[in-house]
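Peer 1: Numbering (this note's numbering), first residue to last: 1 to 164.
Take this structure, written in structure tokens, and hold onto it; I'll ask about it next.
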Amino acid sequence: MAKRVEGSVGTPATVALVRAGIPFTPHAYVHDASSSSFGLEAAEKLDVDAGRVFKTLLTDVDGRLVVGVVPVTGQLDLKALAAAVGAKRAVMADPSLAERKTGYVVGGISPIGQKSTLTTVVDETALAFDTVFVSGGRRGFDIELTPADLARATRAVFAAIARP
Numbered sequence: 001m002a003k004r005v006e007g008s009v010g011t012p013a014t015v016a017l018v019r020a021g022i023p024f025t026p027h028a029y030v031h032d033a034s035s036s037s038f039g040l041e042a043a044e045k046l047d048v049d050a051g052r053v054f055k056t057l058l059t060d061v062d063g064r065l066v067v068g069v070v071p072v073t074g075q076l077d078l079k080a081l082a083a084a085v086g087a088k089r090a091v092m093a094d095p096s097l098a099e100r101k102t103g104y105v106v107g108g109i110s111p112i113g114q115k116s117t118l119t120t121v122v123d124e125t126a127l128a129f130d131t132v133f134v135s136g137g138r139r140g141f142d143i144e145l146t147p148a149d150l151a152r153a154t155r156a157v158f159a160a161i162a163r164p
């Protein structure tokens with residue numbers, strides 16, 4: 001995998017990965033503004049199994065923000081996410097708060113290189129793949145890296161937090 005960052009795809013996520021010495025492969029594609037599912041669009045445009053493409057979702061878990069990273073083919077199980085971090089209740093965070101705390105826009109929120117260091121949980125299905133894809137920090141740009149490197153870059157734990 002490459003560590004290089006092409007000038008047209010430099011984002012806080014790629015900067016953080018390069019700084020940490022974590023290898024990744026950048027994948028840019030032309031984003032369709034009418035697309036209703038950013039993750040499924042990425043899988044289609046990059047011609048990869050949608051199960052390998054993960055979306056980044058921000059939640060409010062007992063009053064603190066927690067990042068859930070789940071396959072785009074499923075949904076975040078809020079109860080399982082809360083349990084994974086030893087909490088009782090989780091709800092989706094307000095999109096404007098998610099944008100402020102991460103520094104990214106909805107549809108382009110990367111789990112890597114966020115403005116604030118947030119607790120992150122990656123669905124354990126990521127471990128079934130050699131590499132996974134996550135948003136690179138803008139719509140139309142994904143980063144491919146190993147699940148272990150994703151966890152290292154985000155200080156994440158793995159848990160069963162997705163449902164079909």
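Even glycine gets a Cβ: it sits at the ideal position worked out from N, Cα and C.
Fair warning: this is a prediction, and the values are worked out from it, not measured in the lab.
(1) Would A28 and G108 qualify as a contact pair, given that the criterion is a beta-carbon distance under 8 Å?
(2) Suppose contacts are defined by Cβ-Cβ distances below 8 Å. Is V70 in contact with L76 by that definition?
(3) At what residues does the alpha helix (DSSP H) containing R152 begin and finish?
(4) Quickly, what does DSSP pair K115 with across the bridge? List them, please.
(5) Give, in chain order, every unbroken run of the beta strand (DSSP E) that is at least 3 residues long and sits entirely within the segment 64-94.
(6) Should G86 go down as buried or exposed, given a rule of 16 or more other Cβ atoms within 10 Å for buried?
(7) With a 10 Å radius around its C-beta and 16 neighbouring C-beta atoms as the bar for buried, classify V134 as buried or exposed.
(8) If you pair each beta-carbon of the segment 122-131 with each one of the segment 86-99, do three or more pairs fall below 8 Å?
(9) Should V72 be labelled buried (16 or more other beta-carbon atoms within 10 Å of its own) or exposed?
(10) How many Å lie between A159 and V122 at the Cα?
(11) Helix, strand or coil: how does DSSP classify G137 here?
(12) Between the alpha carbons of Y89 and G74, how many angstroms are there, rounded?
(13) According to DSSP, is P26 part of a helix, a strand, or is it coil?
(14) In this structure, what does DSSP give as the bridge partners for V121?
(15) What does a CB cutoff of less than 8 Å around Q114 pick up in its chain, not counting 5 residues either side in sequence?
(16) Which one of M92, D32, S116 has the shortest CA to CA distance from V61?
(17) Run the CB neighbour count on A2, radius 10 Å, all protein chains shown included, and call it buried at 16 or more, exposed below.
Peer 2: Per the coordinate set shown:
(1) no
(2) Yes; because the gap between Cβ atoms is below 8 Å, this pair is in contact.
(3) 147-154
(4) Bridge partners of K115: none, in fact.
(5) 64-71, 90-92
(6) exposed
(7) buried
(8) Because the criterion of three Cβ pairs below 8 Å is not met, the segment 122-131 and the segment 86-99 do not touch.
(9) buried
(10) 6 Å
(11) strand
(12) One point to set straight first is that residue 89 is Arg, not Tyr, in the sequence displayed. If I take the Cα positions, the gap works out to 20 Å.
(13) strand
(14) G68, V157
(15) Result list for Q114: P12, V67, K101, T102, G103, Y104, in chain order.
(16) M92
(17) Confidence at A2 is low in this model, with a pLDDT of 46, below 50, so its placement is unreliable and the value that follows should be read with caution. Exposed.
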